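In what follows, a single structure is set out as structure tokens and then discussed.
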Amino acid sequence: MTDGNCSTPDANNRWPDHIATRLQEANRNVAGVNEAFSGNRVLTDGMGVNALARFDSDVLSHPQVSTVVLMMGINDIGWPGENAITPEDKIPTAEDIITGYKQLIDRANAHGVRIVAATLTPFADTFKGLPTEGYYTPEKEKIRVAVNEWIRTGGGFDGVIDFDKVMEDPARPGYIRDDYDCGDNLHPNDAGYKAMAEAVDPELLLGSAD
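Taking the working numbering, the leading residue of the sequence shown gets -11, the next gets one more, and so forth.
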């Protein structure tokens, strides 16, 4: 999602792109680096190595890095299980994912880097009707809800961006809004990515809205 799946190709419509534009328009002398790639997971490898394995090389190695924004975990929940992408993998518990978050928090803090988390967005009926429709189940939704509750209230992160509330359909809890859905019940369209960015307080990323 941070990699911009379903956004218009080569149009810089990912949510980090829109945030970078807002910072530039505000004349803030800050650069944003998007290190996301599609299918990434916190705990286990997928379409590339997991976040725990690449955090030092891909994030902490950047010179003068001050704040990390972490939006990751939905693939940890969705990929494993029957009729999903990696059916041989065990579905993690919410505590498994939270333990991964805590390791990233500790490593960021040890380097003097702030770490801000984004809640996991709605994914009800993701890939419905496709061979991988097991990406979503009601049991997996419970894991997502529990992870989001910890992100919001656990006190581990230096700040929280509540993308879940931005993207959720008020009339259908757990579902992405139709006007923000690219069609797979998971990834936003261009309007959805822009709405995500507009919900972010730039001062939170700069450390002045804590």
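Positions of the beta carbon are idealized from the N, C-alpha and C atoms, including for glycine.
Computed from a predicted structure; not experimentally measured.
Does the separation of the CB atoms of residue i and residue j fall below 7 angstroms?
i, j, result
"I103", "A96", "yes"
"T(-10)", "M35", "no"
"V148", "A105", "yes"
"D94", "P80", "no"
"W3", "A185", "yes"
"P75", "I164", "no"
"D178", "T9", "no"
"Y123", "G171", "no"
"H6", "K153", "no"
Which one or two residues does DSSP pair with residue i in a beta bridge?
i, result
"L58", "A105"
"G88", "Looking at the DSSP assignment, G88 forms no beta bridge with any residue, so it has no partner."
"G34", "G36"
"P80", "In the DSSP output, where bridge partners are listed per residue, P80 has none listed."
"Y68", "Here the sequence assigns Pro to residue 68, which means Tyr is not the residue at that position. The partner list for P68 (beta bridge, DSSP) reads T74."
Buried or exposed, going by whether 16 or more other CB atoms sit within 10 Å of the CB of residue i?
i, result
"P51", "exposed"
"D169", "buried"
"V21", "exposed"
"G117", "exposed"
"P176", "buried"
"P161", "exposed"
"T125", "buried"
"T141", "exposed"
"P68", "buried"
"N28", "buried"
"K90", "exposed"
"K78", "exposed"
"K130", "exposed"
Which whole-angstrom value describes the C-beta separation of residue i and residue j, a residue pair presumed to lie in contact below a C-beta threshold of 8 angstroms?
i, j, result
"R132", "I62", "7 angstroms"
"V101", "S45", "About 14 angstroms separates the two Cβ atoms, so there is no contact after all."
"L174", "T114", "4 angstroms"
"L92", "N136", "Incorrect: roughly 16 angstroms between the Cβ atoms, too far for contact."
"S26", "N(-7)", "5 angstroms"
"M155", "G195", "25 angstroms between Cβ atoms; not a contact."
"I88", "V47", "Per the sequence shown, the amino acid found at residue 88 is Gly instead of Ile. Contact flag wrong, Cβ pair sits at about 14 angstroms."
"L40", "P190", "Actually they do not touch by this definition, with Cβ atoms about 28 angstroms apart."
Runs of 3 residues minimum, wholly inside the segment 127 to 187: which ones carry the beta strand (DSSP E) assignment? 147 to 149, 160 to 164
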